[in-house]
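This report concerns only the one structure given below.
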Amino acid sequence: MHKFSFLDLARNALSGHRDWKPFWRDAAPRERYDAIIVGGGGHGLATAYYLAKNHGIRNVAVLEKGWIGGGNTGRNTTIVRSNYLWNESGALYEHALKLWEGLNEELGINLMFSQRGVLNLAHNLGDVRESRRRVEANRLNGIDAEWLTPEQVKAFCPIVDISPTARYPVMGATLQRRGGTARHDTVAWGYARAADALGVDIIQNCEVTGILREDGRVKGVRTTRGTIHADKVGIVAAGHSSVLAAMADIRLPIQSHPLQALVSEPMKPIHPCVLMSNAVHVYVSQSDKGELVVGAGIDSYNSYSQRGSFHIIEHQMAALIELFPIFSRVRLMRTWAGIVDVCPDASPIIAKMPLRGLYLNGGWGTGGFKATPGSGWVFAHTIAHDAPHPLNAAYSLERFTTGALIDEHGAAAVAH
Amino acid sequence: MLKIRCPWCGPREEIEFSYGGQAHVAYPRDPASVSDADWAQYLFMRDNPKGVFLERWMHGQGCRRWFNAARHTVTHEIYGTYKPGENPPEVPA
């Protein structure tokens, strides 16, 4: 894999940056692979990369119906953290965070991973109790977590309004200092580049239209670029999880909703961390370009349209101004939506499906980006060994029958 | 924003309504004899079509009554709303 360097940059500057090589080959589909990954977002590409790197399975195709980084990978609000409540979630998200901490070197690319700290504000006694409990639960699981008083919140993030006369006064916050943001497109590009270097075929503009079955097991997929055979197929299609599972007559506990986000005009650095508030209902950070990146709640109705209703944005802006009166005259630059696949317990399904050779990694809902490396790591293991990794054993489809749900609505940071 | 026709009150803005998910999911007739797998179907498993969806809405800021709608999940076009017990409207194939 090509290694970037300062010398490299200087040499390419001399030729007007016209000689940079593409990050990955534009592969055409072959007739047969050892494994097919449906979905070329961060999770799918990470899965392919770890299949090749950790398990030596390199004859792999990643099928993407659009272009790499064009789905939810390029639509999220780029937040990375691991301060979830339950043991199962703590272990999975913390594994991901540890991978993030070495990912620049691993992928040989600058992901602009910035551990600037994530604040989760508490605005009422219920919030305070839940937050302090989560801090203790995190510490027991070896995850860094602190409880801050309102004054400490003000010291960490000076622009937030902590006045006791606020409609929703800040009564404290949890802080995960190792949390932060990463540049989301580069995560997809980095994994695509690294997977390609290990022999993985990345095939864009290739939509899966059917799943081939024979004698109760998977035989491959039908696509808009022809039939492709494989004995193992992994679905990592986020908002379209249910559509793909339905091709194998599998019903999921997942509903697809639009999740909107927006950015402001660029400004000089003013907001030093990631700030989330469940009760006032907003999450916001400032990108390196200077835009405020603001996330909203999901639109209530099922949709596959990648757009939502405007009253959601209005609600979001009201919440933002409540916490940051300083932003009252900031102008919005653009809004968009991604389709998120929401599970009833706000936790994903990373598991073998009832059809042999078929695997699904979905239901991440509104918070999948932070888990990208860990998700790919455990899903690759699940596909390679036809059995879950210890970290994702609890994330089965059967938990909805046994009742062993992993209820993370509290740690999902804002109610969706 | 969607414009939704409440079968009792007429067309209103989406913000007056709350969403209730898939319509016509019937409570088991004999709950005591339902298996765990069937409870999972009733409680958690849902259709999630990319296309026409029969779904429930509640006119929370109006008459506070539940009703059903046939809506397309890509175009958001609502082909019709109907009261509980009525049949769904004809939708284009």
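Here the protein sequences line up with chains H and U, keeping their order.
First residue of the first sequence? That's 0 in numbering that gives the first Met the number 0, and the numbers climb one at a time after it.
First residue of the second sequence? That's 0 in numbering that gives the first Met the number 0, and the numbers climb one at a time after it.
Yeah, the Cβ is synthetic: ideal placement off N, Cα and C, and Gly gets one too.
Everything numeric in this text was worked out from a predicted model, so none of it was measured.
Query raised in the report: Cα separation between K97/H and A12/H?
Result: 35 angstroms
Query raised in the report: With DSSP run on the structure shown, which of helix, strand or coil describes K218/H?
Result: Correct three-state label for K218/H: strand.
Query raised in the report: F52/U bridges to which residues according to DSSP?
Result: R70/U
Query raised in the report: Do S302/H and H256/H have their CB atoms nearer than 8 angstroms?
Result: yes
Requested in this report: Answer yes or no: does any C-beta atom of chain U fall closer than 8 angstroms to that of T226/H?
Outcome: Chain U, which has no Cβ nearer than 8 angstroms to the Cβ of T226/H, makes this no.
Requested in this report: Classify R330/H as helix, strand or coil using the three-state DSSP reduction.
Outcome: coil
Query raised in the report: Under 8 angstroms, do Q424/H and G39/H count as touching if we go by C-beta distance?
Result: Nothing can be reported for residue 424/H: it is not among the residues displayed for chain H, which extend from 0 to 415.
Report task. Please work out which residues of its chain come closer than 6 angstroms, Cβ to Cβ, to A95/H, disregarding the five sequence neighbours upstream and downstream, and give them in chain order. Result -> A370, P372 and G373
Query raised in the report: Checking contacts by CB at 8 angstroms: is A92/U closer than that to chain H?
Result: For A92/U, the answer is no, since every Cβ of chain H falls outside 8 angstroms of its Cβ.
Query raised in the report: How is D340/H classed by DSSP in three states: helix, strand or coil?
Result: For D340/H, the three-state secondary structure derived from DSSP is strand.
Query - Whole-angstrom distance between A403/H and R132/H, CA atom to CA atom - result: If I take the Cα positions, the gap works out to 21 angstroms.
Report task. Could you name the residues of the same chain whose beta carbon sits closer than 7 angstroms to that of L84/H, not counting the 5 residues immediately before and after it, in chain order? Result -> R133, A136, E407, G409 and A410
Report task. Mark M170/H as exposed unless 16 or more other C-beta atoms lie within 10 angstroms of its C-beta, in which case mark it buried. Result -> buried
Report task. Tell me the start and end of each unbroken beta strand (DSSP E) in the region 85-126 of chain H that is at least 3 residues and wholly inside, in chain order. Result -> Fully enclosed beta strand (DSSP E) runs of 3 or longer: 117-121.
Query raised in the report: Relative to the C-alpha of K351/H, which residue among L110/H, G41/H, E397/H and G366/H is closest?
Result: Closest by alpha carbon: E397/H.
Query raised in the report: Can a CB atom of chain H be found closer than 8 angstroms to the CB of F66/U?
Result: no
Query - Which residues DSSP lists as bridging M57/U, in chain order - result: S17/U and W65/U
Requested in this report: Please say whether R55/U and G9/U have beta carbons closer to each other than 8 angstroms?
Outcome: Not in contact: G9/U and R55/U (Cβ atoms no closer than 8 angstroms).
Query raised in the report: At a Cβ threshold of 8 angstroms, is I253/H touching chain U?
Result: yes
Query raised in the report: Touching or not, the region 216-233 of chain H and the region 311-320 of chain H, by the rule of three or more beta carbon pairs under 8 angstroms?
Result: no
Requested in this report: State the DSSP-derived secondary structure class of P89/U, mapped to helix, strand or coil.
Outcome: The amino acid occupying residue 89/U in the given sequence is Glu; Pro does not appear at that position. It is coil, neither helix nor strand.
**Report entry** Which listed residue (K64/H, I67/H and R74/H) has its alpha carbon closest to that of N262/H
**Finding:** Looking at the sequence shown, residue 262/H is not Asn but Val. Closest option to V262/H, Cα to Cα, is R74/H.
Query - Residue nearest to I405/H in terms of C-alpha spacing, selected from I349/H, V329/H and G41/H - result: I349/H
Query - Cα-Cα separation between R45/U and R250/H, rounded to whole angstroms - result: 7 angstroms
Query raised in the report: Exposed or buried, M275/H, counting other C-beta atoms within 10 Å across all chains shown (16 or more means buried)?
Result: buried
Requested in this report: Could you have a look at R31/H and say whether DSSP puts it in helix, strand or coil?
Outcome: strand
Query - the region 324-339 of chain H in contact with the region 208-221 of chain H per 3-pair CB rule at 8 angstroms - result: no
Requested in this report: Would you kindly check if the distance between the Cβ of A295/H and the Cβ of Q254/H is under 8 angstroms?
Outcome: For the pair Q254/H and A295/H, the CB atoms are not nearer than the 8 angstroms cut-off.
Query raised in the report: T226/H by DSSP, collapsed to three states: which one?
Result: For T226/H, the secondary structure class from DSSP, reduced to helix, strand or coil, is strand.
Query raised in the report: What is the residue span of the beta strand (DSSP E) that E213/H lies within?
Result: V207 to E213
Query raised in the report: Q285/H: which of K52/H, W99/H, G116/H and L91/H sits nearest, CA to CA?
Result: For Q285/H, the nearest C-alpha among the options comes from G116/H.
Query raised in the report: With C-beta atoms as the reference, is H280/H less than 8 angstroms away from M0/U?
Result: no
Requested in this report: State yes or no: is the beta carbon of I77/U nearer than 8 angstroms to at least one beta carbon in chain H?
Outcome: no
Query raised in the report: Using a beta-carbon distance cut-off of less than 7 angstroms, what residues from the region 32-49 of chain U approach chain H?
Result: Listed by position along the chain: D35, A36, A39, F43, M44, R45, N47 and K49.
Requested in this report: Run through the region 231-312 of chain H for me and flag every whole alpha helix (DSSP H) of 4 or more residues, listed as ranges in chain order.
Outcome: 240-245, all fully within the region 231-312 of chain H.
Query raised in the report: What runs of the alpha helix (DSSP H), each 4 residues or longer, lie entirely inside the region 138-168 of chain H?
Result: 149-155
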